[in-house]
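See below for the structure under consideration.
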Ligand SMILES: [Zn+2]
Ligand SMILES: [Zn+2]
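In my numbering, the protein residues as written are 113 to 353.
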């Protein structure tokens, strides 16, 4: 499996695109989160929205779903397609009612399923979304009373949604055989609704060795060389795991 970040920036970063990821299997491309900057980042990569087979969503914030209106319109009217949309069951109604409905409602289109082939996925249940691509959605803490899902992918790769520091979860993941952790990282404390670099640096070395940092702000260049064994994920670079 390969991963290529459309962006690695925090919600308000200006020199990095939103933290959204393209996953490549032998035959398919899946986009995990489609933030405001996703269409522009795809354009910069010389990729078409039509290259994407499926979309998976972590939570309802603009840096993770703000590009879905353009994605939906262009899939429908430019390419005549209804792409797969995987959404944790508890987010499905809110995704439409509290976010997409205003822009996407038109005469003949009045629901999420008018634009997408919607597949509801269940938290804590491992589900094969595409051949060779299985996810286990895990509800993780971000904003109080706001549901947010991180993903364990193919049992070995963890992709954090925006996530409050949760060292026990990281230990459990590694005990279960997880090899790689892509983790959101707020460089400067306080974290409040994110995990800070300082917090990650308190983890045992065997956990830190598996961590790659994403969702960082524009000051990232100042921190290069100061993250110990943890590495920064670079946007647009393709990695194999
Ligand atoms: Zn975010
Ligand atoms: Zn968020």
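Don't be surprised by glycine CBs; every beta carbon is placed ideally from N, CA and C.
Values in this document were obtained by computation on a predicted structure and should not be read as measured data.
| Check | Outcome |
| --- | --- |
| Use the C-beta contact count for residue 130: other C-beta atoms within 10 angstroms, 16 or more gives buried, fewer gives exposed. | buried |
| Check the C-beta distance from residue 345 over to residue 324 and give it rounded, since I have them as a contact under 8 Å. | 5 Å |
| Determine the extent of the beta strand (DSSP E) in which residue 262 is found, giving its start and end residues. | 261-265 |
| Would you kindly work out how many angstroms separate the C-alpha atoms of residue 328 and residue 149, rounded to a whole number? | 15 Å |
| If you run the structure through DSSP and keep just helix, strand and coil, what is residue 231? | strand |
| Alpha carbons only, please: which of 224, 228 and 205 is nearest the one belonging to residue 187? | 228 |
| Express the C-alpha separation of residue 173 and residue 120 in angstroms, rounding to a whole number. | 15 Å |
| Which full runs of the alpha helix (DSSP H) of 4+ residues lie inside the segment 174-244, going along the chain? | 174-177, 180-185, 204-207 and 213-216 |
| So which residues touch the region around ligand 1, with touch meaning a C-beta under 5 Å from any heavy atom? | 123, 175 and 274 |
| According to the Cβ coordinates, are residue 270 and residue 113 closer than 9 Å? | no |
| Got a sec: does ligand 2 put a non-hydrogen atom nearer than 8 Å to the Cβ of residue 173? | yes |
| Measuring alpha carbon to alpha carbon, tell me which residue in 147, 115 and 296 is nearest residue 212. | 147 |
| Compute the minimum distance between the beta carbon of residue 304 and the heavy atoms of ligand 2, and state whether it is under 8 Å. | no |
| Using DSSP with H/G/I as helix, E/B as strand and the rest coil, what is residue 335? | helix |
| Taking residue 153 as part of the alpha helix (DSSP H), name the residues at either end of that continuous run. | 150-156 |
| Is the segment 213-232 touching the segment 152-163 in the sense that three or more CB pairs, one from each, lie closer than 8 Å? | no |
| Can you determine whether any heavy atom of ligand 2 sits closer than 8 Å to the C-beta of residue 286, and answer yes or no? | no |
| Is residue 72 near residue 293, with beta carbons less than 9 Å apart? | Any question about residue 72 goes unanswered here, given that the chain covers just 113 to 353. |
| Say the cut is 8 Å; is the CB of residue 278 nearer than that to a heavy atom of ligand 2? | no |
| Measure the alpha-carbon distance for residue 199 versus residue 234 and round it to whole angstroms. | 9 Å |
| Which residue's Cα is closest to the Cα of residue 162: 127, 196 and 240? | 196 |
| If you compare alpha carbons, which of 221, 143 and 139 is closest to residue 179? | 143 |
| Measure the C-alpha to C-alpha separation of residue 209 and residue 203 and round it to an integer number of angstroms. | 10 Å |
| Say yes only if the C-beta of residue 254 is nearer than 8 Å to one or more non-hydrogen atoms of ligand 2, and no if none qualify. | yes |
| Taking 9 Å as the threshold (C-beta atoms), are residue 177 and residue 145 in contact? | yes |
| I'd like the list of long-range same chain contacts for residue 347, defined as Cβ closer than 8 Å, with 5 residues on each side in sequence excluded. | 117, 118, 119, 120, 121, 128, 129 and 153 |
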